[in-house]
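Here our numbering is used: the first residue of the sequence shown is 401, the next is one more, and so on.
Yeah, the Cβ is synthetic: ideal placement off N, Cα and C, and Gly gets one too.
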Amino acid sequence: MSGERTRRLGELLEIALEHPPPERRAALLAVSDDAVLIAEALALLSQQEGLGDFLEHNAFERLETSGGLVPAAGGIFQPPAVPGDRIGRYTLLESLGEGGMGQVFLAEQTDPVERRVALKLVRGSLAGAEAQGRLLAERRALARLHHPNVAHLFDAATTRDGRPYFVMELVDGPPLTEYCDRHRLSLDARLELFSAVCQGVQHAHQKQLLHRDLKPSNILVAEIDGRPVPKIIDFGIAKALDQPLTDEPMTGDRAIGTPSYMSPEALVSVHQDLDTRTDIYALGVLLHELLAGCRPFAEVEGVPPAELMSHYAERVATAPSTRLAALPADDRQRIARARGTRVAALLGELRADLDWIVLRAIARRREDRYASAAELAADVERYRRHEPVLAHPPRLGYTLGKLFRRHLVAAGVGGLTVVGVAAGVFVTSLALIEARRAEDAALEEVVRARAETAAAEARRQATEGALRSLAGAFPVESFDASILPSSAEAGGIPGSGELEPLVQASLAQALGEEALHRGHLAEARTQLAEALRLRRAELGDTHPDLAPTLALLGEAEAGEGRLEEAADHLRRAFEIQNVVLDREDPALAQTR
Numbered sequence: 401m402s403g404e405r406t407r408r409l410g411e412l413l414e415i416a417l418e419h420p421p422p423e424r425r426a427a428l429l430a431v432s433d434d435a436v437l438i439a440e441a442l443a444l445l446s447q448q449e450g451l452g453d454f455l456e457h458n459a460f461e462r463l464e465t466s467g468g469l470v471p472a473a474g475g476i477f478q479p480p481a482v483p484g485d486r487i488g489r490y491t492l493l494e495s496l497g498e499g500g501m502g503q504v505f506l507a508e509q510t511d512p513v514e515r516r517v518a519l520k521l522v523r524g525s526l527a528g529a530e531a532q533g534r535l536l537a538e539r540r541a542l543a544r545l546h547h548p549n550v551a552h553l554f555d556a557a558t559t560r561d562g563r564p565y566f567v568m569e570l571v572d573g574p575p576l577t578e579y580c581d582r583h584r585l586s587l588d589a590r591l592e593l594f595s596a597v598c599q600g601v602q603h604a605h606q607k608q609l610l611h612r613d614l615k616p617s618n619i620l621v622a623e624i625d626g627r628p629v630p631k632i633i634d635f636g637i638a639k640a641l642d643q644p645l646t647d648e649p650m651t652g653d654r655a656i657g658t659p660s661y662m663s664p665e666a667l668v669s670v671h672q673d674l675d676t677r678t679d680i681y682a683l684g685v686l687l688h689e690l691l692a693g694c695r696p697f698a699e700v701e702g703v704p705p706a707e708l709m710s711h712y713a714e715r716v717a718t719a720p721s722t723r724l725a726a727l728p729a730d731d732r733q734r735i736a737r738a739r740g741t742r743v744a745a746l747l748g749e750l751r752a753d754l755d756w757i758v759l760r761a762i763a764r765r766r767e768d769r770y771a772s773a774a775e776l777a778a779d780v781e782r783y784r785r786h787e788p789v790l791a792h793p794p795r796l797g798y799t800l801g802k803l804f805r806r807h808l809v810a811a812g813v814g815g816l817t818v819v820g821v822a823a824g825v826f827v828t829s830l831a832l833i834e835a836r837r838a839e840d841a842a843l844e845e846v847v848r849a850r851a852e853t854a855a856a857e858a859r860r861q862a863t864e865g866a867l868r869s870l871a872g873a874f875p876v877e878s879f880d881a882s883i884l885p886s887s888a889e890a891g892g893i894p895g896s897g898e899l900e901p902l903v904q905a906s907l908a909q910a911l912g913e914e915a916l917h918r919g920h921l922a923e924a925r926t927q928l929a930e931a932l933r934l935r936r937a938e939l940g941d942t943h944p945d946l947a948p949t950l951a952l953l954g955e956a957e958a959g960e961g962r963l964e965e966a967a968d969h970l971r972r973a974f975e976i977q978n979v980v981l982d983r984e985d986p987a988l989a990q991t992r
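As structure tokens, then:
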């Protein structure tokens, strides 16, 4: 054990001894977020009953002996392993870390093959029955698993002095979140790696194993043939769903794990049956962190130790976009840069589908979460393919729009039904809107040039773009257009106090679209109707810029059950879009 870790363990022991046994865990969680060190301290204290007044005075001084050995359960004394030791066919090179009740070393194997591996064995200070049982359980768990996204078990045996150890694949890489930030990976690249993690977790679940401690530091990323491959490690507190992994009694089998990633049911009671959905919750927290650069809950401060666990269990989840928008400006910018984008664009991409996917994974009731890691991964892949996601609240326009997005040409030229027609135009319009949000300047210029001269376009585009960014950055659940002009003026946008009608229309549409994504259908309809009124007054009834507004308004109305109004607006949008297609591609028009 390193000197610093030894010192911290001593501090935790002193703090724990100031509280009665039922309150010790909560007291330690109030001062430390090192779950494995807390578990170790509690395990050592659990031996006090058999050691009489051994811990009566200074806890840590009594745990050390003159020979540097520490008594473990059952009275066994073992020296800690150090670099240079030879264990079986392996030579220990350096310490890689200490987790739970074990030490992990970089080791070298020379027979029958030459390679570097990771070797884990019970720490000398904890060579009792429980510690050995836990390590045996971990290696039995790993023996069940054979998946490219899980660190592979190579060997397992026992040292000469009776301590179990196992040897596994050396994953030479940083934690998942650190890797993504270091390489400034986009959201899509992060989602691809997350899907791979889900596949590894799904494999473990199929082998009847719960990991119970999924977090970034237990998911390392190695580069294999130039490609990043996430690997799940540390099954030290894994739980088998079919049968116990060890015959040894686990006196420390209390609520265990890392509180920030533990599900409410895992926090409330260790006696409650846990299932695979407790790992789904941890995956949801991990996804939130990958996307928004922070966990869904604010750090705990000022909560009495006795109330800490219940506080964690009762916390309310926050959507990634809302949590990110509430962070200080410097943090938001740093997080956006690590994803190769800007704050407004990141917030826009997180809202709606990704928010819903995360919120479903971290739902308080496990019945409301994804049923499996495979189902979560499938929804992530649906998002990446622009398909409807299961987590999204059902809306006719949303579902049809997603289904037709990948078939814009077919939607434009086929003999569609009324519903298909509405979906086709909605998708086409949504594609234009999303292009604007992604700041695709070329397409944006084409659309807007239909309405204004080149000189007026430059000024309107600058003003409108800034106002759209302001609209997208507001995390509030209600929308008030009146606050934005003053905010714009504060940011130095010229002429924003008296907005041009078309800029007002774009602002109203941005607010309406945001409300639609949030599920505020009445507010969305109000804003979009105002945008349509302003555009018609300036551009007439047949201008192409009316089509996206009509389509969005139709979707909002459909969501409210105003089906006749929705059909009328969607039909009108389709008619306008047909004119645009005929004008821009006569050959395409001839195929109708």
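Once you ignore the five residues that flank residue i on each side, which residues in its own chain have a CB closer than 8 Å to its CB?
| i | result |
| --- | --- |
| residue 938 | 851, 901, 902, 905 |
| residue 512 | none |
| residue 616 | 575, 576, 577, 578, 686, 689 |
| residue 493 | 483, 505, 506, 507, 508, 516 |
| residue 607 | 544, 545 |
| residue 559 | 487, 488, 521, 565 |
Going straight from the alpha carbon of residue i to that of residue j, what length do you get?
| i | j | result |
| --- | --- | --- |
| residue 407 | residue 768 | 43 Å |
| residue 563 | residue 497 | 18 Å |
| residue 780 | residue 600 | 15 Å |
| residue 957 | residue 914 | 15 Å |
| residue 517 | residue 506 | 6 Å |
| residue 696 | residue 738 | 18 Å |
| residue 640 | residue 609 | 5 Å |
| residue 614 | residue 952 | 40 Å |
| residue 732 | residue 591 | 20 Å |
| residue 968 | residue 950 | 9 Å |
| residue 782 | residue 744 | 23 Å |
| residue 717 | residue 724 | 13 Å |
| residue 533 | residue 440 | 14 Å |
| residue 489 | residue 549 | 26 Å |
| residue 495 | residue 485 | 11 Å |
| residue 660 | residue 945 | 47 Å |
| residue 410 | residue 487 | 29 Å |
| residue 618 | residue 919 | 36 Å |
| residue 443 | residue 432 | 16 Å |
| residue 438 | residue 628 | 33 Å |
| residue 740 | residue 626 | 20 Å |
| residue 785 | residue 557 | 46 Å |
| residue 643 | residue 404 | 38 Å |
| residue 932 | residue 965 | 14 Å |
Report yes if the C-beta of residue i is less than 6 Å from at least one heavy atom of the ligand SAM; otherwise report no.
| i | result |
| --- | --- |
| residue 498 | In the structure shown, the ligand SAM is absent, as is every other ligand, since no ligand is present at all. |
Look up residue i in the DSSP assignment and give the residues it is bridged to.
| i | result |
| --- | --- |
| residue 553 | 568 |
| residue 494 | 506 |
| residue 421 | Note: residue 421 sits in no beta bridge, so no partner. |
| residue 659 | DSSP, once it has assigned bridges, lists no residue as partnering residue 659. |
| residue 628 | 623 |
| residue 517 | 507, 569 |
| residue 757 | Bridge partners of residue 757: none, in fact. |
| residue 639 | 610 |
| residue 575 | 620 |
| residue 558 | 564 |
My guess is that residue i and residue j are in contact by the Cβ rule of under 8 Å, so how many angstroms apart are they, rounded?
| i | j | result |
| --- | --- | --- |
| residue 924 | residue 916 | 4 Å |
| residue 416 | residue 430 | Contact flag wrong, Cβ pair sits at about 11 Å. |
| residue 565 | residue 520 | 6 Å |
| residue 542 | residue 522 | Incorrect: roughly 15 Å between the Cβ atoms, too far for contact. |
| residue 921 | residue 954 | Actually they are not in contact, since the Cβ atoms of residue 921 and residue 954 sit about 12 Å apart, beyond 8 Å. |
| residue 771 | residue 683 | About 13 Å separates the two Cβ atoms, so there is no contact after all. |
| residue 425 | residue 445 | Contact doesn't hold; Cβ gap of about 10 Å is too wide. |
| residue 605 | residue 676 | 5 Å |
For residue i, which residues of its own chain have a beta-carbon under 7 Å away from its beta-carbon, when the five flanking residues on both sides are left out?
| i | result |
| --- | --- |
| residue 720 | 688, 691, 692, 750, 754, 755, 758 |
| residue 581 | 738 |
| residue 571 | 551, 620, 622, 631, 633 |
| residue 419 | 427 |
For residue i, which residues of its own chain have a beta-carbon under 6 Å away from its beta-carbon, when the five flanking residues on both sides are left out?
| i | result |
| --- | --- |
| residue 598 | 773, 776, 777 |
| residue 569 | 551, 552 |
| residue 602 | 773, 774 |
| residue 735 | 693 |
| residue 637 | 612, 613, 656 |
| residue 764 | 664 |
| residue 975 | none |
Between the region 732-751 and the region 584-591, do at least 3 Cβ pairs fall closer than 8 Å? Enough Cβ pairs lie closer than 8 Å, so yes.
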